[in-house]
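Residue numbers (full-length UniProt numbering): 1 to 266.
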């Protein structure tokens, strides 16, 4: 990297990103990739390396966040286990996808994914609603299927999958947004571990940057979970919408800069 040569300032920048990402992860049940990936790209990393850093950070934040949620009795282990097992198997394909898909296509898919989920968020009742799936066995298959699908695509985009899980579980199982957060964070343990192994084998992980961001995220996770527990569900939903819009702005700026560069050099 040109910008970060691991001087004290570089470490501080990475640590600040990690703390902020941890707050977002703990409060919104996401891996933090929606923050880490665009930030790492802005700091000069290729998006595939940025994804690897993001996934490594998720291991730290998801394990610690799940531990806190468990100790405070906020986590439904049963539902989290089914969706987590699916995520573990789905995420195993992430390295192969990054090998075969260009960075530009990954960036485009990332933006489309954010736009889709932003649209879904506007339609979801923050306090929960009637479930569309009532049969317990079908619910289990749905959770495993969600895990597989989210694991395949989320880890390949450098995100934990919480942003995708939230509208799915809210719409089909009727969960409130705040109930989904601990489940989503628990799911990310499975998907991030599997994705980390896959991406490491394909050379897409910068361990030094990932370690600094990951360690710093532990501080933020505790703060984020505290914020979640004192926040009204509707306000929580509005803040999640703002988060999506902010991340989209960063990604659109990056795409615009790349397009301008290609146009100027054509």
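Glycine included, each C-beta is placed from N, C-alpha and C at the ideal position.
If you drop the 5 nearest sequence neighbours on each side, which residues of the same chain put their C-beta closer than 7 Å to that of residue i?
i: residue 202; result: 95, 98, 99
i: residue 24; result: 30, 32, 35, 224, 243
i: residue 79; result: 143, 183
Hey, would you say residue i sits closer than 7 Å to residue j, going by beta carbons?
i: residue 33; j: residue 164; result: no
i: residue 167; j: residue 132; result: no
i: residue 47; j: residue 103; result: yes
i: residue 70; j: residue 221; result: no
i: residue 54; j: residue 41; result: no
i: residue 146; j: residue 83; result: yes
i: residue 162; j: residue 29; result: yes
i: residue 204; j: residue 52; result: yes
i: residue 176; j: residue 92; result: no
i: residue 170; j: residue 124; result: yes
i: residue 90; j: residue 152; result: yes
i: residue 186; j: residue 66; result: yes
Give every residue of the same chain whose Cβ lies closer than 8 Å to the Cβ of residue i, excluding the five residues on either side of it in the sequence, and list them in chain order.
i: residue 59; result: 189, 192, 193, 196, 214
i: residue 251; result: 38, 107, 110, 111, 114
i: residue 85; result: 144, 147, 190
i: residue 212; result: 11, 14, 15, 18
i: residue 247; result: 34, 35, 38, 114
i: residue 241; result: 118, 121, 122
Would you mind reading off the limits of the alpha helix (DSSP H) that contains residue i?
i: residue 211; result: 207 to 230
i: residue 57; result: 47 to 71
i: residue 42; result: 33 to 42
i: residue 147; result: 136 to 156
i: residue 123; result: 103 to 123
i: residue 24; result: 8 to 28
Helix, strand or coil for residue i? Go by DSSP, reduced to three states.
i: residue 86; result: helix
i: residue 2; result: With a pLDDT of 45 at residue 2, under the threshold of 50, the predicted position of this residue should be treated as unreliable, and no value is reported.
i: residue 176; result: coil
i: residue 95; result: helix
i: residue 257; result: helix
i: residue 183; result: helix
i: residue 80; result: helix
i: residue 75; result: coil
i: residue 202; result: coil
i: residue 131; result: coil
i: residue 162; result: helix
Applying the criterion that 16 or more other CB atoms from any shown protein chain within 10 Å of the CB defines a buried residue, is residue i buried or exposed?
i: residue 57; result: buried
i: residue 179; result: buried
i: residue 44; result: exposed
i: residue 207; result: exposed
i: residue 2; result: Here residue 2 scores only 45 on pLDDT, less than 50, and its place in the model is too uncertain to base an answer on.
i: residue 237; result: buried
i: residue 155; result: buried
i: residue 73; result: exposed
i: residue 105; result: exposed
i: residue 77; result: exposed
i: residue 230; result: exposed
i: residue 173; result: buried
i: residue 62; result: buried
i: residue 101; result: exposed
i: residue 88; result: buried
Report all residues from its chain with a CB closer than 6 Å to the CB of residue i; omit the five preceding and five following residues, and keep chain order.
i: residue 21; result: 32, 35, 36, 217
i: residue 198; result: 92, 94, 95
i: residue 68; result: 225
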